[in-house]
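Numbering (the working numbering), first residue to last: 454 to 663.
Report on one structure; see the data block that follows.
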Ligand code: 13P
């Protein structure tokens, strides 16, 4: 995909996420890997109203080389790209149900959202560690995210929201959407007796679609 096509796609997918309530105000940020660096949403921008020509461009060392000032969460995205050579894009949202799960005191810190449905497992994977709370924009969270991302495609930032990677921008967005739906189901089913996918069913899904 050319850089121009990726810019257009990033703006389209961001607007779609915003229109469906996956982000509000200026919350959330999205990046995608290019051959010569990265594209990233500018800081304080609304995902609903991005301008393809003003997206931030970073070089391969994550230095800002073009467009508007990048998200203050550059290091959050960098943590994923450096941990995962397969990551072609990273999506960070404050989507309501995933963030609600990130605020539960009794959440399992390795798997806060259980394997309820196949698509959650196929898109997000077996694990989604919870990263302890850090102030948004605090670079101190980078080592924790980097360590967790080596063995997970997504993490949940405590009291903040999800960060999801994917091989492509579309994959990362689809994974963020599946995560939000799974988080909603997990809350709907809280207190009910749940039939989770078994470890063998999870293995089967990942060997076919992982
Ligand atoms: P930016 O506007 O700097 O991207 O920050 C938004 C956000 O979601 C912080 O976590």
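Glycine included, each C-beta is placed from N, C-alpha and C at the ideal position.
Start and end residues, beta strand (DSSP E) containing residue i
{"i": "residue 479", "result": "Residue 479 -> no beta strand (DSSP E), and no H or E assigned at all."}
{"i": "residue 493", "result": "490–493"}
{"i": "residue 615", "result": "614–619"}
{"i": "residue 610", "result": "607–610"}
{"i": "residue 542", "result": "542–545"}
Outcome for residue i when other beta-carbon atoms lying within 10 angstroms are tallied against a minimum of 16
{"i": "residue 454", "result": "exposed"}
{"i": "residue 554", "result": "buried"}
{"i": "residue 612", "result": "exposed"}
{"i": "residue 488", "result": "exposed"}
{"i": "residue 462", "result": "buried"}
{"i": "residue 491", "result": "buried"}
{"i": "residue 522", "result": "exposed"}
{"i": "residue 470", "result": "buried"}
{"i": "residue 652", "result": "exposed"}
Euclidean distance between Cα positions of residue i and residue j
{"i": "residue 572", "j": "residue 631", "result": "7 Å"}
{"i": "residue 501", "j": "residue 533", "result": "24 Å"}
{"i": "residue 587", "j": "residue 594", "result": "6 Å"}
{"i": "residue 599", "j": "residue 608", "result": "10 Å"}
{"i": "residue 550", "j": "residue 457", "result": "33 Å"}
{"i": "residue 552", "j": "residue 614", "result": "5 Å"}
{"i": "residue 564", "j": "residue 474", "result": "24 Å"}
{"i": "residue 645", "j": "residue 639", "result": "10 Å"}
{"i": "residue 625", "j": "residue 485", "result": "9 Å"}
{"i": "residue 516", "j": "residue 481", "result": "20 Å"}
{"i": "residue 617", "j": "residue 642", "result": "23 Å"}
N- and C-terminal bounds of the alpha helix (DSSP H) containing residue i
{"i": "residue 557", "result": "Residue 557 -> no alpha helix (DSSP H), and no H or E assigned at all."}
{"i": "residue 468", "result": "456–472"}
{"i": "residue 639", "result": "622–641"}
{"i": "residue 600", "result": "595–602"}
{"i": "residue 654", "result": "652–662"}
{"i": "residue 571", "result": "571–577"}
| Any beta strand (DSSP E) of 3 or more consecutive residues that is wholly inside the stretch 494–537 | The beta strand (DSSP E) runs lying completely inside the stretch 494–537 and spanning 3 residues or more are 509–511, 517–519, given in chain order.
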